[in-house]
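J.:
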Amino acid sequence: MSKTLQAIRGMNDILPEQTPVWRYLENTFAQLLDGYGYKEIRLPILEFTELFARGIGEGTDVVDKEMYTFLDRNEESLTLRPEGTAGCVRAVLEHGLTGGGQVQKLWYAGPMFRYEKPQKGRYRQFHQIGVEVFNQPGPDIDAELIVLTWRLWKKLGLADSVTLQLNSLGSSEARATYRDALVAYLRERFDQLDEDSQRRLTTNPLRILDSKNAQTQSLLADAPTLHDYLDEESRAHFEGLKARLDAVGIRYEINQKLVRGLDYYGRTVFEWVTDKLGAQGTVCAGGRYDGLVSQFGGKPTPGVGFAMGVERLVLLLETLELVPAELNSPAHAYLCAFGEPAELAALALAERLRDALPGLRLLVNAGGGSFKSQFKKADKSGASYALILGDDELANRVVGCKPLRTDGEQQNIAWNALAEHLAACMQA
Ligand code: ATP
Ligand code: MG
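Have a look at this one:
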């Protein structure tokens with residue numbers, strides 16, 4: 001007997017009962033971004049492996065351990081995108097969208113792929129909604145990105161369930177000086193570091209700062225701190241950002257250990273974190289990457305962006321019971337018809353109703369059936385009304401309209417008055 005086919009571990013089907021909340025999130029976000037003048041960009045899911053190796057950086061978990069990489073039939077090494085920024089930078093360069101200092105304010109949404117250990121809030125195919133801005137070097141745009149995520153939390157009812165963590169990583173020179181100081185400090189304590197951190201000491205020492213190991217964390221208590229090494233410009237940039245967040249009343253916590261997993265960040269980095277989802281608490285993360293475009297061979301171009309995890313936001317909305325009830329609204333009406341002539345008339349009538357009432361949710365019975373069985377299906381569908389069209393109704397050009405959720409008699413409504421009647425029912 002053949003084995004039942006299954007989805008790949010960590011790659012989830014999003015079932016019909018879940019898609020409404022996904023669409024709600026995506027639509028809320030798209031509408032909000034439209035209000036701030038951001039434009040959508042759609043990017044391929046596959047890119048040349050080199051893009052991510054160069055963009056995200058060797059020595060990062062994503063590149064070293066998490067990418068889905070394979071050779072295609074032409075022996076080219078391709079990778080399923082693990083994040084959206086690298087592809088977005090490639091696209092704006094390829095199409096000259098940032099040439100001559102043009103400002104671009106872009107957003108994207110879609111699946112990302114990382115070979116991780118699947119658990120709640122962490123999957124191998126997951127979805128991000130992200131934003132990238134090019135050619136805006138100031139803290140004003142960093143603030144705008146945070147402000148618009150904050151507005152999203154307010155719209156979704158999540159404002160009290162997430163907190164903002166903020167840091168500045170300084171210039172790459174400042175970071176390099178700090179890295180040396182940190183490495184010198186940790187080298188003296190090498191034996192006390194956990195194994196991952198020992199490895200990172202040579203590959204990516206800043207990542208040791210966000211190690212989950214308790215002993216490593218206690219070692220770090222007396223380590224040199226990043227902000228002692230910040231360059232003057234980065235310090236001013238950071239002050240400018242904080243002043244703007246203060247001006248709109250967004251609270252933040254400065255976390256000097258927030259370094260982010262991807263190599264391309266400098267200056268501003270931030271995360272929105274919740275304590276309602278266990279270990280997978282970061283729902284949105286981003287920062288400034290002024291060096292990335294030139295790393296890809298473009299002219300130096302300031303960039304800043306963020307990405308949020310859709311699965312984690314969906315989980316959060318569900319956990320907090322913030323999914324709006326109207327997302328799963330049943331049909332307004334279920335149209336039953338008995339016999340071929342009535343079925344033909346019912347179909348034509350249904351289409352006229354849809355023309356007249358664009359928001360109408362109307363189910364038309366399919367597969368025939370007795371009065372009893374069709375009525376049962378109407379009831380089970382959750383529709384508010386059953387519409388009934390048999391030989392008598394056909395002859396009199398009326399339909400029977402029976403409320404299914406409230407007490408009330410069946411009423412005969414003339415075909416040409418039905419749209420108006422249903423419109424009133426839809427309002428109720
Ligand atoms: P984490 O520390 O949780 O692994 P990350 O720093 O690797 O996150 P980013 O690359 O910054 O994550 O991605 C931005 C957001 O995408 C994260 O804050 C999270 O909400 C979401 N995300 C990242 N990886 C996954 C995953 N494997 N499954 C579900 N969501 C994810
Ligand atoms: Mg990760």
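Quick note: the sequence shown uses full-length UniProt numbering, first residue 1, plus one each step.
Idealized CB from N, CA, C, for every residue including glycine.
Check whether chain B comes within 8 Å of Asp228, counting only Cβ atoms and requiring the distance to be less than that.
T.: In summary, chain B is missing from the structure at hand, where a single protein chain is found.
J.: Is DSSP giving Val269 helix, strand or coil here?
T.: To locate residue 269, count along the sequence shown from 1; it is residue 269. Three-state DSSP puts Val269 in a strand.
J.: Between the alpha carbons of Gly400 and Gly121, how many angstroms are there, rounded?
T.: Within the sequence shown, the letter at position 400 stands for residue 400. Within the sequence shown, the letter at position 121 stands for residue 121. Distance between the alpha carbons of Gly400 and Gly121: 49 Å.
J.: Leaving aside the five residues before and after Tyr108 along the sequence, list all residues of the same chain whose C-beta is less than 7 Å from its C-beta, in chain order.
T.: What you label residue 108 is simply residue 108 of the sequence shown in a count that begins at 1. These residues qualify, in order along the chain: Glu40, Ile41, Arg42, Leu43, Gly84, Cys88 and Gly130.
J.: Note down, in chain order, each residue of its chain lying with its Cβ closer than 8 Å to the Cβ of Leu219, except the 5 sequence neighbours on either side.
T.: Taking the first residue of the sequence shown as position 1, residue 219 is located at position 219. Within the same chain, Leu219 has close Cβ partners Leu186, Arg189, Gln192 and Leu193.
J.: Just verifying my parser: in three-state terms, what is the DSSP assignment at Ala386?
T.: Taking the sequence shown and counting its residues from 1, the one referred to as residue 386 is at position 386. Strand.
J.: Mapping the DSSP letters down to three states, classify Val89 as helix, strand or coil.
T.: As a working mapping, residue 89 is identified with position 89 in the sequence shown. Correct three-state label for Val89: helix.
J.: Does the structure place the segment 235 to 248 close enough to the segment 137 to 150 that three or more beta carbon pairs sit under 8 Å?
T.: They touch, by the three-pair rule.
J.: Secondary structure at His95, three-state DSSP: helix, strand or coil?
T.: Your numbering for residue 95 matches position 95 in the sequence shown. Of the three classes helix, strand and coil, the one that applies to His95 here is coil, per DSSP.
J.: Hey, is Glu318 close to the ligand ATP, as in C-beta under 7 Å from one of its heavy atoms?
T.: As a working note, residue 318 is residue 318 in the sequence shown. No, the Cβ of Glu318 stays beyond 7 Å of every heavy atom of the ligand ATP.
J.: Shorter than 7 Å, the distance from the beta carbon of Asp210 to the closest heavy atom of the ligand MG, or not?
T.: Taking the sequence shown and counting its residues from 1, one reaches residue 210 at position 210. Checking every heavy atom of the ligand MG against the Cβ of Asp210, none is found closer than 7 Å.
J.: Taking the CB atoms as reference points, tell me whether Phe270 and Arg54 lie closer together than 8 Å.
T.: Indexing the sequence shown from 1 puts residue 270 at position 270. Indexing the sequence shown from 1 puts residue 54 at position 54. Contact flag unset, no.
J.: What would DSSP say about His227, mapped onto helix, strand or coil?
T.: Start at 1 with the first residue of the sequence shown, and residue 227 comes out as number 227. Residue state, collapsed to three classes: helix.
J.: Can you look up Tyr178 in the DSSP assignment and give me helix, strand or coil?
T.: As a position in the sequence shown, residue 178 is number 178, starting the count at 1. Correct three-state label for Tyr178: helix.
J.: Run through the segment 300 to 376 for me and flag every whole beta strand (DSSP E) of 3 or more residues, listed as ranges in chain order.
T.: Listed in chain order, they are 303 to 309, 333 to 337 and 362 to 364.
J.: Taking buried to mean at least 16 other C-beta atoms within 10 Å of its own C-beta, is Gly367 buried or exposed?
T.: As a first step, residue 367 must be located in the sequence shown, where it is residue number 367. So Gly367 ends up on the exposed side.
J.: Among all the DSSP beta bridges, which residues are the ones paired with His108?
T.: Position 108 of the sequence shown, counted from the first residue, corresponds to residue 108. Correcting the residue identity first, residue 108 is Tyr in this sequence and not His. The partner list for Tyr108 (beta bridge, DSSP) reads Gly130.
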